[in-house]
Amino acid sequence: MSSRYPILKPQDIIRALKKAGFKEVAQKGSHLKLKKENPTRNVIIPMHEEVTR
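Residue numbering for the sequence shown follows my numbering, starting at 1247 and increasing by one per position.
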């Protein structure tokens, strides 16, 4: 098993997080903020072509 993370597109990450219950709450510049309640979790996704390792 490889110890390296895959290169992912922001749309794929957002789709997976929304399936897990996250909701878009804000966008500032090229970064999107998603939030989930119970327990509260915040995630910032860079909206570039690919998210590297």
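Even glycine gets a Cβ: it sits at the ideal position worked out from N, Cα and C.
Test item: CB-CB of residue 1280 and residue 1254 under 7 Å: Against a cut-off of 7 Å, the Cβ pair of residue 1254 and residue 1280 comes out as no contact.
Backbone CA spacing between residue 1261 and residue 1291 [nearest angstrom]: Roughly 12 Å separates the two Cα atoms.
Helix, strand or coil at residue 1222 according to DSSP, with G and I counted as helix: The requested residue 1222 is not part of the displayed model; the chain covers only 1247 to 1299.
Boundaries of the alpha helix (DSSP H) in which residue 1263 is found, first to last residue: Looking at the DSSP string, the run of the alpha helix (DSSP H) that includes residue 1263 is 1256 to 1265.
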